[in-house]
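Heads up, the sequence shown is in the UniProt record's numbering, so the first residue is 1 and it goes up one at a time. What follows is a short report on a single structure.
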Amino acid sequence: MLVKVSFNVGEKWDQLANGDLGDFAHCVSIYILINKIRTSKSVAGISFKTQALYTLVYLTRYLDILYAPWSSLYNLIMKFVFIGTSFYILYLMKVKYKPTHNPNIDTFRVEYLLGGAIIAALLFHLKFTVTELIWAFSIWLESVSILPQLFMVQRTGEAESLTVHYIFALGIYRFLYIFNWFYKWIFGIEFDLVSFFAGIIQTLLYSDFFYIYYTKVMKGQKFELPQ
């Protein structure tokens with residue numbers, strides 16, 4: 001009985017950490033961003049390059065909706081949500097509120113990120129097949145897609161509160177997955193190392209941002225980078 005209960009609790013925790021909590025934080029970040037744009041009628045301070053990279057991430061990762069059986073209705077819905085909202089954000093940035101976007105500060109060289117993700121996918125993948133290489137590419141690309149946004153914040157030295165909350169929620173989304181991977185490692189449950197190490201890289205990129213968020217924003221101060 002104890003063994004059975006422990007397994008059920010672990011199974012529920014695995015489902016919660018891997019799916020519900022991570023997806024919830026991800027959806028919160030998307031809601032914050034869309035709400036910020038629609039409320040302010042402006043995309044100032046938002047990196048179009050980061051949003052375009054995330055759109056590419058979702059398109060390449062979720063190609064399986066075209067040929068693979070559904071693992072669950074929930075999983076299928078979330079895939080369409082992430083793809084659909086990413087295109088909607090691009091529409092808001094490039095069409096509806098295009099005059100408010102300043103490309104002069106959104107200058108990160110994304111070709112380096114794309115090239116690096118391709119090389120990483122070729123070197124580190126689960127299987128050397130077309131579909132698995134594309135999936136690995138999406139994993140490695142996601143790990144660095146936030147860099148143009150962080151670069152914009154660094155260039156301006158500050159950011160609007162809703163933009164800051166969006167970046168924070170996006171970072172928490174990936175951070176929650178790390179807990180799940182450590183849980184699987186501790187209990188000997190199989191997990192893929194590609195996602196694990198890409199997630200570590202992604203979380204490390206947020207480390208300075210998390211520190212400033214904690215020391216300033218959570219104490220009611222304006223988000224500003226140290227001079």
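Note that beta-carbon positions come from the ideal geometry of N, C-alpha and C, so glycine has one too. Values in this document were obtained by computation on a predicted structure and should not be read as measured data.
| query | result |
| --- | --- |
| Within its chain, find whatever has a CB closer than 6 angstroms to the CB of L92; leave out the 5 residues flanking it on each side and keep chain order. | I37 |
| Assign N180 to buried or exposed, taking buried as 16 or more other Cβ atoms, counted over all protein chains shown, within 10 Å of its Cβ. | buried |
| Nearest-angstrom Cα distance between M78 and I178? | 20 angstroms |
| For P148, I'd like the list of residues in its chain whose CB is within less than 6 angstroms of its CB, leaving aside the five on either flank, ordered along the chain. | S47, K49, T50, F108 |
| Between the Cα of S42 and those of E111, Y58, A68, Y97, spot the shortest distance and give me the residue it belongs to. | Y97 |
| Who are the near neighbours of P172 in its chain, counting only those whose CB is closer than 7 angstroms to its CB and skipping five residues on each side? | Note on identity: in this sequence residue 172 is Ile, with Pro being the wrong assignment. The answer, listed in chain order, is A25. |
| Skipping 5 residues on each side, what residues in its chain have a beta carbon closer than 8 angstroms to that of F210? | F168, G171 |
| From I201 to E190, what distance separates their C-alpha atoms? | 20 angstroms |
| Hey, how far is the Cα of I30 from the Cα of G115? | 26 angstroms |
| Look up E224 in the DSSP assignment and give the residues it is bridged to. | E158 |
| Could you check what DSSP says for K219 in three-state terms: helix, strand or coil? | helix |
| Over the uninterrupted alpha helix (DSSP H) stretch that includes H26, give me the two end residues. | 22–40 |
| Quick one: what's got a C-beta closer than 6 angstroms to S86's C-beta in the same chain, skipping five residues either side? | Y54, T55, Y58 |
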